[in-house]
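Notes follow the structure.
Residue numbers (the numbering used here): 3 to 180.
Spelled out as structure tokens, the structure:
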């Protein structure tokens with residue numbers, strides 16, 4: 003619960019939210035975050051705050067593995083970082099660690115990323131990590147106003163075969179769950 007306030011503050015930054023949701027969306031505030039942040043913890047899923055190993059009190063952003071909404075079977079990889087932390091490799095490091103948790107500890111069959119098709123940075127990260135972009139699906143809409151998401155998938159088989167995401171582990175960030 004301690005990390006909900008910094009996440010809500012990050013979600014109030016128009017630059018961070020440009021491809022995600024409108025600033026002020028109630029789902030992105032403290033109450034909306036509290037309602038959905040802890041519902042899948044018993045399954046080994048949920049959200050993890052990311053902090054620098056040398057400054058564990060400093061919030062950098064978060065990563066998450068969450069069941070896709072509307073009863074879909076896919077587990078979605080979610081990540082968001084404060085704009086001041088972009089371009090420093092934190093997202094790639096944190097995501098690699100979380101993919102290890104998903105594929106190695108939870109034995110998930112695959113993990114997907116849904117993102118805005120114009121979010122070039124997110125699409126580049128997905129590609130660097132070994133995700134394959136699949137055909138856009140009219141049923142995969144998100145955002146306000148609604149848009150067709152880019153849909154990327156990484157399979158457990160690709161992970162085990164040596165996906166670029168598995169190649170390096172992080173030693174400079176930690177992932178406390180608070």
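Ideal Cβ positions, reconstructed from N, Cα and C, are used throughout, including at glycine.
(1) What would DSSP say about residue 136, mapped onto helix, strand or coil?
(2) Please state whether DSSP places residue 119 in a helix, a strand or coil.
(3) I believe residue 65 touches residue 88 by the beta-carbon criterion, under 8 Å. Please report the beta-carbon distance rounded to the nearest angstrom.
(4) Less than 8 Å between the CB atoms is what I'm expecting for residue 76 and residue 43, so what's the real figure, rounded?
(5) Would you identify the three-state DSSP class for residue 104, choosing helix, strand or coil?
(6) CB-CB under 6 Å to residue 118, same chain, minus the five flanking residues each way: which ones, in chain order?
(7) Apart from the five residues just before and just after residue 128, which ones in its own chain have a Cβ nearer than 7 Å to its Cβ?
(8) Just verifying my parser: in three-state terms, what is the DSSP assignment at residue 49?
(9) Considering just the uninterrupted stretch of the alpha helix (DSSP H) at residue 18, what are its terminal residues?
(10) Any idea what DSSP makes of residue 22, helix, strand or coil?
(11) Based on DSSP bridge pairs, tell me the residues matched to residue 154.
(12) Can you have a look at residue 152 and say buried or exposed, based on whether 16 or more other CB atoms are within 10 angstroms of its CB?
(13) For residue 176, which residues of its own chain have a beta-carbon under 8 Å away from its beta-carbon, when the five flanking residues on both sides are left out?
(14) Relative to the C-alpha of residue 78, which candidate in 12, 15 and 104 has its C-alpha closest?
(15) Skipping 5 residues on each side, what residues in its chain have a beta carbon closer than 7 Å to that of residue 178?
(16) Closest by CA to residue 67, which one among 150, 126 and 80?
(17) For residue 156, verify whether its CB is less than 7 Å away from any heavy atom of the ligand NAD.
By the coordinates alone:
(1) Residue numbering aside, residue 136 sits at position 134 when the chain shown is read from its first letter. Reduced to three states, the DSSP call for residue 136 is strand.
(2) Sequence index remark: in the chain shown, residue 119 carries index 117 (1-based). Of the three classes helix, strand and coil, the one that applies to residue 119 here is coil, per DSSP.
(3) Position 63 of the chain shown, counting from 1, holds the residue named residue 65. Position 86 of the chain shown, counting from 1, holds the residue named residue 88. Contact doesn't hold; Cβ gap of about 14 Å is too wide.
(4) For the purposes of this step, residue 76 is identified with residue 74 of the chain shown, where counting begins at 1. For the purposes of this step, residue 43 is identified with residue 41 of the chain shown, where counting begins at 1. Actually they are not in contact, since the Cβ atoms of residue 76 and residue 43 sit about 19 Å apart, beyond 8 Å.
(5) Looking up residue 104 in the chain shown gives position 102. Helix at residue 104.
(6) Reading the chain shown from its first residue, position 116 is the one you call residue 118. Taken in chain order, the residues that qualify are 21.
(7) Against the chain shown, residue 128 aligns to sequence position 126. Taken in chain order, the residues that qualify are 115 and 154.
(8) As a first step, residue 49 must be located in the chain shown, where it is residue number 47. Here residue 49 sits in strand by DSSP.
(9) Translated into positions along the chain shown, residue 18 becomes position 16. That run of the alpha helix (DSSP H) goes 16-19.
(10) Indexing the chain shown from 1 puts residue 22 at position 20. If DSSP states are grouped into helix, strand and coil, residue 22 belongs with coil.
(11) For the purposes of this step, residue 154 is taken as residue 152 along the chain shown, with counting starting at 1. Partner(s): 115 and 135.
(12) What you label residue 152 is simply residue 150 of the chain shown in a count that begins at 1. Answer is buried; the Cβ neighbour count reaches 16.
(13) The residue you call residue 176 lines up with position 174 of the chain shown. Low confidence applies here, because residue 176 scores a pLDDT of 46, under 50, leaving its location unreliable; read the following figure in that light. Same-chain partners within the cutoff: 52, 53, 54, 55 and 58.
(14) Position 76 of the chain shown, counted from the start, is the residue given in the question as residue 78. Of the listed residues, the one whose Cα sits closest to residue 78 is 104.
(15) Locating residue 178 in the chain shown gives position 176, where the first residue counts as 1. Per-residue confidence for residue 178 stands at a pLDDT of 42, beneath the threshold of 50, marking its modelled position as unreliable; the derived number appears in the next sentence. Closer than 7 Å at the Cβ level, and outside the excluded window around residue 178, lie 51, 53 and 58.
(16) In the chain shown, the residue the question calls residue 67 occupies position 65. Residue 80 is the option with its Cα nearest to residue 67.
(17) Annotation note on the ligand NAD: not contained in the displayed structure, which lists no ligands.
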